[in-house]
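> Can you read through this structure? Questions will come right after.
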Amino acid sequence: MRLPAIAVSLLAICSLLCSCGVSAQKQAEGQQSSNTAQSKESQSKETTPPPQPRAAIDPNKFAIIIAGAGGEPAYTKKFTSQADSLHSALTTRFGFDEKNVFLLMEHEGGGPENGGREKVARATAEETRKAFGAVKAASNAESYVLIALIGHGSFDNQQAKFLLLGPDLAARDYAALISSLPARRVVFINCSSSSGEFVKPLSGPNRIIITATRSGNEQNATVFADHLIAALSDDGADADKNGRLSLLEVFNYATRLTADWYKQKDRLATEHALFDDNGDGVGHEEAKEGDGAVAKTTYLDSKTAEQAGADAELARLLEEKQRLEQEVEKLKARKDQMKLEEYEDQLEKLLVDLAKVSQEIKSRRKK
3 MRLPAIAVSL LAICSLLCSC GVSAQKQAEG QQSSNTAQSK ESQSKETTPP PQPRAAIDPN
63 KFAIIIAGAG GEPAYTKKFT SQADSLHSAL TTRFGFDEKN VFLLMEHEGG GPENGGREKV
123 ARATAEETRK AFGAVKAASN AESYVLIALI GHGSFDNQQA KFLLLGPDLA ARDYAALISS
183 LPARRVVFIN CSSSSGEFVK PLSGPNRIII TATRSGNEQN ATVFADHLIA ALSDDGADAD
243 KNGRLSLLEV FNYATRLTAD WYKQKDRLAT EHALFDDNGD GVGHEEAKEG DGAVAKTTYL
303 DSKTAEQAGA DAELARLLEE KQRLEQEVEK LKARKDQMKL EEYEDQLEKL LVDLAKVSQE
363 IKSRRKK
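Add 2 to the 1-based position in the sequence shown for the working numbering, that's all there is to it.
So this is what it looks like as structure tokens:
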């Protein structure tokens, strides 16, 4: 029997809320939190957040963090500190194994300038390629790979580059390196100036591309990295209050704090972050025109693996549930481009499949 349009819509909402474990009350709280974000963010800056418990390690997650050439001591110190903070967040809160996180900075080794970390290579083109090669060798199609560039960028009206020690690598070089990876889930974050030019060459299916600027012409030093890293340790970034941090939530929180920073300084904003996750090569400053579906359902944590434990079948079901939730979001993003009947048919099928998988998960957990 065919469901009426309104019934399908209501079922979609109910199913999504239930599958994410979010009550209507918490959704309202999330909206209220968004509306009062500025005051809460100000409070968070004034207090030191409590230590985060170390998450269970997920051996199938990898990260490459590059703190590029600073050019002067103040920037070198800043980029090193930001990269170190990102490394700490990934390995303590989000389950990245330290041996699978490759850290590149101006100074190699375990000196005090690197926070005492021993596994640090120099931020050169050669070491960057080595890091990608190591991830390629250790990862597989189901792996999750995050790449973060922190530093200065450049754009000469032809190609954009991220500044390294010695020869730099251009956007097309990173595109080739990413394409060499077997992993289907890739997150690429470029926090440098002129980074907006990286969106088009790096865009692709199941890739989330985030840049600090919207074009190569925004060439001033950026502050986006500070606020993106802040999002990883602030519970206020979890807008839907489901206890998980999605890449879309991280992006929204960081862009909001970045805009607030310029307002508080009474300065004209010289950076406007973009993200692209639908593979069309066009970045947006917010979720629209098809962007947002993948980032909304891609999380930094590994809670599906944690919940499954050693139960391989439960892990498969949880992954399938997350995939179906992502397909629902993708479909919703395309609604305006589809005939209503076609949209309802596809939505109904996805929701039925989602309900079946959710029931299987419940049954599996009772065993």
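No residue lacks a Cβ here, since even glycine has one placed at the ideal position from N, Cα and C.
Go through its chain and collect everything with a Cβ distance to Ser46's Cβ below 7 Å, but skip five positions before and after it.
Summary for Ser46: the model assigns pLDDT 41, below 50, so the residue's position carries little reliability; its value from the coordinates is reported in the next sentence. These residues qualify, in order along the chain: Asp236, Gly238.
> Do Gly292 and Gly198 come within 8 Å of each other at the CB atom, strictly closer than that value?
No, the pair does not count as a contact, with Cβ atoms beyond the cut-off.
> Taking 8 Å as the cut-off, decide whether the C-beta atoms of Phe200 and Ala173 are in contact.
It is a contact, given that the beta carbons lie within the stated cut-off.
> Tell me where the alpha helix (DSSP H) around Arg258 begins and ends.
Element bounds for Arg258: 249–266.
> Would you say Ser90 reaches chain C, if we count a Cβ-Cβ gap shorter than 8 Å as a contact?
Looking at the structure shown, chain C is missing, and only one protein chain is on hand.
> Taking just the CA atoms, how far does Phe277 sit from Ile211?
Going by the C-alpha atoms only, they are around 5 Å apart.
> Report all residues from its chain with a CB closer than 7 Å to the CB of Gly218; omit the five preceding and five following residues, and keep chain order.
Counting only Cβ-Cβ distances below 7 Å, and skipping sequence neighbours, we find Phe157, Ala162, Ser196, Gly198, Glu199.
> Would you call the CB atoms of Phe104 and Ala133 closer than 8 Å?
For Phe104 and Ala133, yes; Cβs fall inside 8 Å.
> For Ser35, name the three-state secondary structure that DSSP assigns.
Caution is warranted here: a pLDDT of 45 is assigned to Ser35, below 50, making its placement in the model unreliable, and no coordinate value can be reported.
> In terms of residues, what are the limits of the alpha helix (DSSP H) holding Tyr301?
Segment: none, Tyr301 is in no alpha helix (DSSP H) and carries neither H nor E.
> Less than 6 Å between C-beta atoms, sequence neighbours within five positions excluded: which residues of the same chain meet that for Leu234?
Once the five neighbours on either side are set aside, the close Cβ partners of Leu234 are Ala91.
> Per DSSP, what kind of secondary structure is Lys63 in: helix, strand or coil?
Three-state result, Lys63: strand.
> Going straight from the alpha carbon of Val359 to that of Thr94, what length do you get?
Using only the alpha carbons, I get a separation of about 31 Å.
> In whole angstroms, give me the CA-to-CA distance for Met107 and His89.
Going from the Cα of Met107 to the Cα of His89 covers about 12 Å.
> Using the Cβ count rule (16 or more neighbours within 10 Å means buried), how would you classify Arg367?
Looking at its Cβ environment, which holds fewer than 16 other Cβ atoms inside 10 Å, Arg367 is exposed.
> Based on Cα-Cα distance, which residue from Leu167, Phe64, Lys79 lies nearest to Ala185?
Of the candidates Leu167, Phe64, Lys79, the one whose C-alpha sits nearest the C-alpha of Ala185 is Phe64.
> Use the C-beta contact count for Val354: other C-beta atoms within 10 angstroms, 16 or more gives buried, fewer gives exposed.
Its Cβ having fewer than 16 others within 10 Å, Val354 is exposed.
> Under a three-way DSSP split, which group does Lys163 fall into?
Three-state DSSP puts Lys163 in a strand.
> If you follow the alpha helix (DSSP H) that Gly135 is in, where does it begin and where does it stop?
Residues 127–140.
> Beta strand (DSSP E) containing Val103: first to last residue?
Note, Val103: beta strand (DSSP E), 103–107.
> Hey, which unbroken runs of the alpha helix (DSSP H) at 4 residues or more fall wholly within the stretch 181–239?
Runs found: 201–204, 226–233.
> Could you compute how far the alpha carbon of Lys202 sits from the alpha carbon of Gly281?
Roughly 9 Å separates the two Cα atoms.
> List the whole-angstrom C-beta distance separating Leu259 from Ala232, where the pair is believed to meet the contact cut-off of C-beta under 8 Å.
Rounded, the Cβ-Cβ distance is 6 Å, consistent with contact.
> Let me know the secondary structure DSSP gives Leu316 once reduced to three states.
It is helical.
> Just how far apart, CA to CA, sit Lys138 and Ser181?
Taking the straight line joining both Cα atoms gives about 10 Å.
> For Pro207 and Asp279, I'd like the C-alpha separation in whole angstroms.
C-alpha separation (whole angstroms): 7 Å.
> Does DSSP put Arg124 in a helix, in a strand, or in coil?
Three-state DSSP puts Arg124 in a strand.
> In the DSSP output, which residue or residues are listed as bridge partners for Val359?
According to DSSP, which records beta bridges pairwise, Val359 is partnered with nothing at all.
> Kindly indicate which three-state DSSP category His274 falls into: helix, strand or coil?
Coil.
> Got a sec? Which residues, its chain only, sit under 6 Å from Ser87 by beta carbon, not counting five neighbours each side?
So the qualifying residues of the chain are Ile231.
> Name the one or two DSSP bridge partners that His286 has.
According to DSSP, His286 bridges with Phe277.
> According to DSSP, is Ala178 helix, strand or coil?
Note: Ala178 maps to helix in three-state DSSP.
> So, with DSSP's three-state summary, where would you put Ser87?
Helix.
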